[in-house]
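Reviewing the structure listed below.
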DNA sequence: ATCCCGAGGG
DNA sequence: CCCTCTGGAT
C-alpha cells in the first residue's frame, strides 16, 4: 500500500501531466456536460466531440431534447456507438430533467443516479466537473490504475471510490478521477501500458510493469 | 478476430 | 451474477 507522502506525489505528478482537465469541461453548461458524458460511454472523445455540436444546435435544452423524435436523435449520435440505447437514454433523461427539476440538472448524487442513462460514474463527472463538488470519479480506467499503483485492493467501484476518498487529500478528489481517465487512455492503458514512458513508474506496484 | 468497458436489464 | 448494445482501436 501507499504512504501519505507517496499518494501526494502521485497527485502532484498527475497534476503536472494533466493540469487543465476540468477547465475544458467547466465552460460547458451542466445539461450539455451531462448529455455528452452519457454519450461518451464506450467511445473516444473524438466520436463524442464530432456529434455534440450538431446535437446541441438542434436540441439546445432539456425541453427540446425531450420532445425530439428518437430517429432524429439516433441519426445525430450514431457515430458514438450503442446509439439505440443512448438515444433512448438521453431523451428519457431530458424528459426526467423537465418533469422532476424544471429542466435544471440536479446537484445531488441520488438525484443524478436516478436519471435514465446516468450511473455513478456519469453522476460524479457532472458533480465534479459541472458543479465543482468534491467527488471521486471511478470508471474502469480509475479502477485499473488504482489497483496497479497499489492505491486500493478492492474490485467494487464504490469501495474503490471510498478507499480513494479515505487515502487522498480532499483537495485532490475533484481532479483525480478525471486526470486518471486521461492517464489511463494515454499511458496506463488496459492492453499495452506504456510503462517505459510512465511518469509514475517509480511509484507503481504493478507486477507486470515493463521497463 | 478480439478487446474496449457504461448502463440497464434478466 | 450474467448478458447485451455499437463503432473504433489493435
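In the numbering used here, the protein residues as written are 455 to 665. Just so it is clear, CB atoms sit at the ideal spot from N, CA and C, and this is done for glycine as well. If you're wondering where the values come from, they're calculated on a predicted model, not measured in any experiment.
Task: Which listed residue (598, 534, 533 and 489) has its alpha carbon closest to that of residue 549 - done: Here residue 549 is taken as the residue at index 95 of the first chain, counted from 1. That would be 489, whose Cα lies nearest to the Cα of residue 549.
Open item on the list: Please classify residue 684 as buried or exposed, where buried requires at least 16 neighbouring CB atoms within 10 angstroms.
Closed with: Residue 684 lies beyond the residue range present for the chain, which begins at 455 and ends at 665; the question has no answer from this structure.
Task: Residues near residue 664 by beta carbon distance below 6 Å, same chain, minus five either side - done: Here residue 664 refers to the residue found at position 210 when the first chain is read from its first residue. Closer than 6 Å at Cβ, skipping near neighbours: 649.
- [ ] Kindly indicate which residue of 469, 506 and 517 has the alpha-carbon position closest to the one of residue 529.
- [x] Counted from its first residue, the first chain places residue 529 at position 75. Comparing Cα-Cα distances from residue 529 to each of 469, 506 and 517, the minimum goes to 506.
Open item on the list: Just verifying my parser: in three-state terms, what is the DSSP assignment at residue 655?
Closed with: In the first chain, residue 655 corresponds to position 201, counting from 1. Helix at residue 655.
TODO: Tell me whether the beta-carbon of residue 589 lies closer than 7 Å to the beta-carbon of residue 581.
DONE: Position 135 of the first chain holds residue 589. Position 127 of the first chain holds residue 581. Yes, Cβ-Cβ distance for residue 589 and residue 581 is below 7 Å.
Open item on the list: Let me make sure I understand the geometry here. Which of 638, 539 and 509 has the alpha-carbon closest to that of residue 526?
Closed with: As a working mapping, residue 526 is identified with position 72 in the first chain. Of the listed residues, the one whose Cα sits closest to residue 526 is 509.
- [ ] With DSSP collapsed to three states, give me the class of residue 595.
- [x] What you label residue 595 is simply residue 141 of the first chain in a count that begins at 1. Reduced to three states, the DSSP call for residue 595 is helix.
- [ ] Could you tell me whether the Cβ atoms of residue 599 and residue 638 are closer together than 7 Å?
- [x] Numbered from 1 along the first chain, position 145 holds the residue referred to as residue 599. Numbered from 1 along the first chain, position 184 holds the residue referred to as residue 638. Against a cut-off of 7 Å, the Cβ pair of residue 638 and residue 599 comes out as a contact.
- [ ] Report the residue from 583, 531 and 543 whose alpha carbon sits nearest the alpha carbon of residue 573.
- [x] Position 119 of the first chain, counted from the start, is the residue given in the question as residue 573. Comparing Cα positions, the closest option is 543.
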